[in-house]
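S.K.: Structure below; questions to follow.
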Amino acid sequence: MLDLVPLWACILALAVFMYVLLDGFDLGVGMLFLLRRDSDERNLMINSVAPVWDFNETWLILGGGGLFAVFPLAFAIIIPAVYFPILFMLLGLIFRGVAFEFREVIGARKWLWDAAFGVGSLIATFAQGCVLGMFIQGFPIQGRVYVGTSWNWVAPFPMLVGLGMIFGYSLQGATWLVLKTEGDLQQWAGKMARYALIGVIAFVLLISIWTPLADARIAARWFGFPQSFIFSPVPVLTALLAYTLWSSLNKGQEIVPFLCSMGLFFLAFTGLVISLWPFIAPPSVTLWDASAAPLSHQFLLIGTMFLLPVLMIYVVWSYWVFRGKVRGDMGYHAE
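Counted the way our numbering counts, the sequence shown spans residues 90 to 424.
Below, the structure is given as structure tokens:
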């Protein structure tokens, strides 16, 4: 019987990456929103993500649902460990989503919904980073059972990754604003992008040093021979993209910084896969250990193969429709 586990791993990896890539910039815009006070600029910031933010979270549903259906053992191990970060993430996303609708209602306390939009984005981002940090750190497992508590995420490494995620999403949001806005707001976004990039580089270096020191398997993966030679393009390309992003901001370019920030996320995601493959619940549960029955994989794949092209087409179409600058007087202006 055909082994569909690697294919399903790729599908879930795609879902997670698309969510981080697409919802990352609008969460970043939400956090940057807290740093601006001008009402017109805040409206522009929200309007830049308003047409696409809700669809971006479709990928989160696909990833979570796919994990539960295809790798149920991993779901049973991971969810108890990160129950509270996921709860905080969902609450942050709810407050942010509600703020989109209620901040423009006549008579509404706009300051309250503005705070909900920004703080909700900040909480959701930090919580996602803590989940990622727990995943990298690994889960205490005996046999096939998680034996830790729901507070294991309150530890230095997961919280460090949570802070790093704040800088990463802020970089995405700032480069998005450079792409979508003009004038003073665009210049300010460029300055924020530089600050965020410095933070991203610092956290990437720190995490890249911490993880090999803490895990001999990851150290062997990156520094053993011939693996170190095979995987060397990842750090080299990361440095090159960071330099290109910085120089493109200095040159006043608009599209290149956003593309470079997406490239940095892709390389970080690639590095994560290299470090942890083939484990889906590190340090001991592999994709095949956690897999559901092969017939379940086949059944679910039928619908997924119809769903994925629709999602991808809609992503391309929606971002094409809402291309160009967002302006207060006329919404989007295609250029």
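Even glycine gets a Cβ: it sits at the ideal position worked out from N, Cα and C.
Quick one, which of T147, V118, W148 and W142 has its alpha-carbon nearest M134's?
M.R.: If we check each option's Cα against that of M134, V118 comes out closest.
S.K.: Are the stretch 374-388 and the stretch 90-101 touching, with three or more C-beta to C-beta distances below 8 Å?
M.R.: Contact holds: three or more Cβ-Cβ distances are below 8 Å.
S.K.: Could you please give the first and the last residue of the uninterrupted beta strand (DSSP E) stretch that includes F368?
M.R.: Run containing F368: F368 to A370, per the beta strand (DSSP E) assignment.
S.K.: Check whether the Cβ atoms of S259 and L151 sit closer than 8 Å, and answer yes or no.
M.R.: Not in contact: S259 and L151 (Cβ atoms no closer than 8 Å).
S.K.: Relative to the alpha-carbon of V236, which residue among E193, F318, L302 and A165 has its alpha-carbon at the smallest distance?
M.R.: Of the candidates E193, F318, L302 and A165, the one whose C-alpha sits nearest the C-alpha of V236 is A165.
S.K.: Any idea which residues DSSP pairs R185 with across the strands?
M.R.: Per DSSP, none; premise fails for R185.
S.K.: Rounded to whole angstroms, what's the CA-CA distance from H422 to K199? Just pull it up for me.
M.R.: Because H422 carries a pLDDT of 47, less than 50, the predicted location of this residue cannot be relied on, and the following value inherits that uncertainty. Taking the straight line from one Cα to the other gives about 26 Å.
S.K.: Tell me the rounded alpha-carbon separation between V415 and N136.
M.R.: Roughly 7 Å between the two C-alpha positions.
S.K.: Report the option in F246, W265, F368 and R283 whose CA atom is closest to the CA atom of A102.
M.R.: Nearest of F246, W265, F368 and R283 to A102, Cα basis: F368.
S.K.: What are the uninterrupted segments assigned as alpha helix (DSSP H) that are 4 or more residues long and contained completely in the stretch 315-379, given in chain order?
M.R.: Those alpha helix (DSSP H) runs which fall completely within the stretch 315-379 and span 4+ residues are 316-320, 322-339, 344-365 and 376-379.
S.K.: Give the secondary structure of R306 by DSSP, where H, G and I count as helix, E and B as strand, and everything else as coil.
M.R.: Residue state, collapsed to three classes: helix.
S.K.: Just checking, does the stretch 269-288 make contact with the stretch 242-249 on the three C-beta pairs under 8 Å criterion?
M.R.: At 8 Å Cβ cutoff, the stretches do not touch.
S.K.: If you reduce the DSSP assignment to three classes, tell me which class R192 lands in.
M.R.: In this structure, R192 counts as coil in the three-state DSSP scheme.
S.K.: Measuring alpha carbon to alpha carbon, tell me which of A263, P371, L329 and P315 ends up nearest D304.
M.R.: Selected option, being the one with the closest Cα: P371.
S.K.: Helix, strand or coil: which one does DSSP assign to V138?
M.R.: Looking at V138 - three-state DSSP - the assignment turns out to be helix.
S.K.: So, with DSSP's three-state summary, where would you put A423?
M.R.: With a pLDDT of 45 at A423, under the threshold of 50, the predicted position of this residue should be treated as unreliable, and no value is reported.
S.K.: With H, G and I counted as helix, E and B as strand and the rest as coil, what does DSSP make of R416?
M.R.: In the structure shown, R416 sits in a strand (DSSP, three-state: E or B).
S.K.: By alpha-carbon positions, which one of L326, I167 and L179 ends up nearest to F354?
M.R.: Checking every option, the nearest Cα to that of F354 belongs to L326.
S.K.: Taking only the alpha-carbon atoms, compute the straight-line gap between A170 and R233 and give it to the nearest angstrom.
M.R.: Roughly 14 Å between the two C-alpha positions.
S.K.: Per DSSP, which one or two residues make a beta bridge with Y235?
M.R.: Paired residues: I230.
S.K.: Taking 8 Å as the cut-off, does the stretch 201-217 touch the stretch 173-186 (at least 3 CB pairs, one atom from each stretch)?
M.R.: Yes: the two stretches touch, three or more of their Cβ pairs being nearer than 8 Å.
S.K.: Going by the beta-carbon positions, is the gap between G207 and L123 smaller than 8 Å?
M.R.: Going by C-beta atoms, G207 is nearer than 8 Å to L123.
S.K.: Is E424 buried or exposed, if buried means 16 or more other CB atoms sit within 10 Å of its CB?
M.R.: Note that E424 scores 48 on pLDDT, short of 50, meaning its location in the model is unreliable and no value can be drawn from it.
S.K.: D143 by DSSP, collapsed to three states: which one?
M.R.: Note: D143 maps to helix in three-state DSSP.
S.K.: In terms of residue numbering, what span does the alpha helix (DSSP H) encompassing F122 cover?
M.R.: Start and end: V94 to F122.
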